[in-house]
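Which chain is which? The protein sequence lines are V and C, in order.
For the first sequence, the positions run 1 to 346 when my numbering is used.
For the second sequence, the positions run 347 to 413 when my numbering is used.
The C-beta atom is built at its ideal place from N, Cα and C for all residues, glycine as well.
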Amino acid sequence: MENEVKLTKLAQCAGCGAKVGAGVLAQLLEGIQVHRDPNLLVGFDKSDDASVYRVSDELALVQTVDFFPPIADDPYLFGQIAAANALSDVYAMGAEPKLALNLMCVPRDMPQQAVHQMLRGGYDKVYEAGCLITGGHSIFDPEPKYGLAVTGFVHPQRILTNSGAETGDVLLLTKPLGIGVLTTAHKADMVTPESMDLAYALMTTLNKSARDIMVRYRVHACTDVTGFSLMGHMLEMAQGSEKQMHLSVSEIDLIPEAVELARMGLLPEGMYRNRTFAQQWVEHGEMPLEIQDLLYDPQTSGGLLMAVHPEDAQALLEELKGAVPSAQRIGRVADYQGGKRIFLEG
Amino acid sequence: MIDARGYSCPMPVVMVQKAVKGKEPNKLEVLVDNQCSVENVTRYARNSGYQVEVSDHEGDYKLVLRK
């Protein structure tokens, strides 16, 4: 059978859980001189989703890259997830992806048909996004990996960074949390097929519809929730915007089986890395540990987190729900009072 | 004694679950070699009614679970 290879068994870490922690990354980059250019509108020093370079007053180029080891056993599914995840950073900037390059690492003995399926998954998802794959680079590696470098375009005045949140903004999130827990527990065959199907459906859903709707409203800041978890990405938004965030945790859609698995200790290593990085900035209150853990759970191809003008929030949420039923209101932005940046409220 | 050294998450916690479920031992010792497994086994054990004590074991970690 073509899908005989259990791809996830070849991987040490699942999906975005393989990401080097935000704290470690900052140390690795420390002391390296950053060259500046007035046309570089967003660079890596901003901890944003993609870099943005102004080509003209009408046009800015958006660039990002993302790849990881298998998060699904089915190579076609893995290809789709990796592509949806790579494209997501462009959507998170409010931009449209146009060109993409494959990045592929494969074991010498991986069946040709499986590699073909993985690539076909990537191509299908990229075409669904209205984007082209124009080439790529492939090397041999005992652990398979796949992803894409994606280039998109946006009007320089309409870039959505993660640092523009304003006091009073409403926070919206477009996908539920718990994907990292499910994919970890799946390695031990401890997840029901229904929950895994849900996880795969979420991970292969492009953030395109959410982006296309969002750009018609007064959204002040946006980021996609991936390896650094909701807490990690929200902290970057709070710090970049010099604000603090108040979360209505009971409003956040957590995948029910993921909560149960978190209670049983089936948590990915990335969750602990995210906690170490962000928890000093988070006021956890009386929140149960398993709920906290899901807020630090690394997501692969997660949803968009938006800070929207309060007068637009309801209309945006309603329109989003038409295209992305899992869209939800999760909190609000407030003036920074010093100390903690994120407050978990009932 | 469960020796889960050399296993990455989630296998150590799965090994502990198998030893606990249905048998409910009053005491169980577990060896792991990474912090993620320490935390995951601790979460599982506490939610299953055990107290957990973590100590160093020749550079690895030893967890003692007690009812």
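Through-space distance from residue j to residue i, alpha-carbon basis
i, j, result
"V/Leu148", "V/Pro107", "18 Å"
"V/Leu25", "C/Leu411", "36 Å"
"V/Leu320", "C/Lys369", "49 Å"
"V/Pro142", "V/Ile71", "16 Å"
"V/Leu294", "V/Ser56", "42 Å"
"V/Ser195", "V/Arg158", "37 Å"
"V/Ala84", "V/Ser301", "6 Å"
"V/Val324", "V/Leu10", "33 Å"
"V/Asn207", "V/Met93", "11 Å"
"V/Ala313", "V/Ser88", "22 Å"
"C/Gln363", "V/Ala188", "12 Å"
"V/His116", "V/Ala95", "29 Å"
"V/Val90", "V/His233", "15 Å"
"V/Arg364", "V/Val154", "For chain V, the structure presents residues 1 to 346; residue 364 of chain V sits outside this window and is missing."
"V/Ile330", "V/Ser248", "6 Å"
"V/Val282", "V/Phe44", "24 Å"
"V/Glu257", "V/Pro193", "11 Å"
"V/Tyr369", "V/Leu40", "The first residue shown for chain V is 1 and the last is 346, placing residue 369 of chain V beyond what the model contains."
"V/His137", "V/Leu103", "5 Å"
"V/Pro144", "V/Ile81", "14 Å"
"V/Tyr146", "V/Cys105", "6 Å"
"V/Ala238", "C/Met347", "46 Å"
"V/Thr184", "C/Pro356", "7 Å"
"V/Thr34", "V/Gly121", "Thr is not the amino acid found at residue 34 of chain V; the sequence shown has Val there. About 36 Å."
"V/Ile139", "V/Ala60", "31 Å"
"V/Lys6", "V/Lys125", "22 Å"
"V/Glu236", "V/His220", "14 Å"
"V/His186", "V/Thr8", "9 Å"
"V/Pro176", "V/Ser326", "7 Å"
"V/Met118", "C/Thr388", "37 Å"
"V/Thr64", "V/Thr223", "13 Å"
"V/Ser163", "V/Tyr200", "30 Å"
"V/Gly322", "C/Gln397", "48 Å"
"V/Gln112", "V/Glu290", "41 Å"
"C/Glu399", "V/Gly303", "38 Å"
"V/Gly346", "V/Tyr127", "42 Å"
"V/Glu318", "V/Val62", "29 Å"
"V/Gly265", "V/Asp66", "28 Å"
"C/Ser401", "C/Gln381", "12 Å"
"C/Asn393", "V/Gln27", "36 Å"
Host beta strand (DSSP E) of residue i (start-end)
i, result
"V/Pro97", "Glu96 to Val106"
"V/Leu341", "For clarity, residue 341 of chain V is Arg in the given sequence; the question names Leu instead. Here V/Arg341 belongs to no beta strand (DSSP E), and DSSP marks it neither H nor E."
"V/Lys321", "Looking at the DSSP string, V/Lys321 is not in any beta strand (DSSP E); the run it does join, the alpha helix (DSSP H), is Pro310 to Ala323."
"V/Thr64", "Ala60 to Phe68"
"V/Ile330", "Gln328 to Asp335"
"C/Glu375", "Lys373 to Val378"
"V/Lys9", "From DSSP, V/Lys9 is part of no beta strand (DSSP E); its letter is neither H nor E."
"C/Gln397", "Gln397 to His403"
"V/Tyr53", "Ser51 to Arg54"
"V/Val42", "Leu40 to Val42"
First through last residue of the alpha helix (DSSP H) which encompasses residue i
i, result
"C/Arg412", "Here C/Arg412 belongs to no alpha helix (DSSP H); instead the beta strand (DSSP E) covers Asp406 to Arg412."
"V/Thr276", "Glu269 to Ala278"
"C/Tyr390", "Gln381 to Asn393"
"V/Gly79", "Pro75 to Ala92"
"C/Pro358", "Met357 to Val366"
"V/Ala26", "Ala22 to Leu29"
"V/Gln292", "Leu289 to Leu295"
Within-9 Å CB hit, residue i to chain D
i, result
"C/Val359", "Included in the structure are the protein chains V and C, with no chain D among them."
message = When you compare the region 222 to 229 of chain V with the region 271 to 287 of chain V, are there three or more beta-carbon pairs, one atom per stretch, that lie closer than 8 Å?
response = By the Cβ test, the region 222 to 229 of chain V is in contact with the region 271 to 287 of chain V, since at least three Cβ pairs between them sit closer than 8 Å.
ask   = For the region 134 to 160 of chain V, which residues have a CB atom closer than 7 Å to at least one CB atom of chain C, in sequence order?
value = Correct list: empty, as no residue qualifies.
inquiry  = Runs of 3 residues minimum, wholly inside the region 194 to 266 of chain V: which ones carry the beta strand (DSSP E) assignment?
reply    = Runs of beta strand (DSSP E) with 3 or more residues, each lying fully within the region 194 to 266 of chain V, are found at 219 to 224 and 243 to 248, listed in chain order.
The region 263 to 287 of chain V: positions lying closer than 8 Å to chain C by Cβ = The region 263 to 287 of chain V vs chain C, Cβ under 8 Å: Arg263, Met264, Gly265, Leu266, Leu267, Pro268, Glu269 and Tyr272.
message = If the cut-off is 7 Å on Cβ atoms, which residues from the region 382 to 406 of chain C count as contacting chain V, listed in chain order?
response = Residues of the region 382 to 406 of chain C that bring their beta carbon within less than 7 Å of a beta carbon in chain V comprise Cys382, Glu385, Asn386, Val387, Arg389, Tyr390 and Asn393, in sequence order.
request  = Indicate whether the contact test is met: 3 or more Cβ pairs, each with one atom in the region 240 to 248 of chain V and one in the region 330 to 345 of chain V, closer than 8 Å.
outcome  = They touch, by the three-pair rule.
query = Going along the chain, which residues of the region 173 to 189 of chain V sit with their C-beta nearer than 8 Å to a C-beta in chain C?
reply = Here the close residues are Thr184, Ala185, Lys187 and Ala188.
ask   = Which ranges does the beta strand (DSSP E) cover as unbroken runs of at least 3 residues, wholly within the region 118 to 189 of chain V, from first to last along the chain?
value = Unbroken beta strand (DSSP E) stretches of 3 residues or longer found wholly inside the region 118 to 189 of chain V: 132 to 140, 145 to 154 and 170 to 173, given in chain order.
ask   = Touch check for the region 399 to 409 of chain C and the region 370 to 385 of chain C: three-plus C-beta pairs under 8 Å?
value = Output reads yes: the region 370 to 385 of chain C touches the region 399 to 409 of chain C.
ask   = Can we say the region 98 to 114 of chain V touches the region 122 to 132 of chain V, given the rule of at least three CB pairs closer than 8 Å?
value = Touching, yes, given that three or more Cβ pairs across the two stretches are closer than 8 Å.
ask   = Counting pairs of Cβ atoms below 8 Å between the region 158 to 178 of chain V and the region 301 to 311 of chain V, do you hit three or more?
value = As far as the Cβ criterion goes, the region 158 to 178 of chain V touches the region 301 to 311 of chain V, which means the pair count is three or higher.
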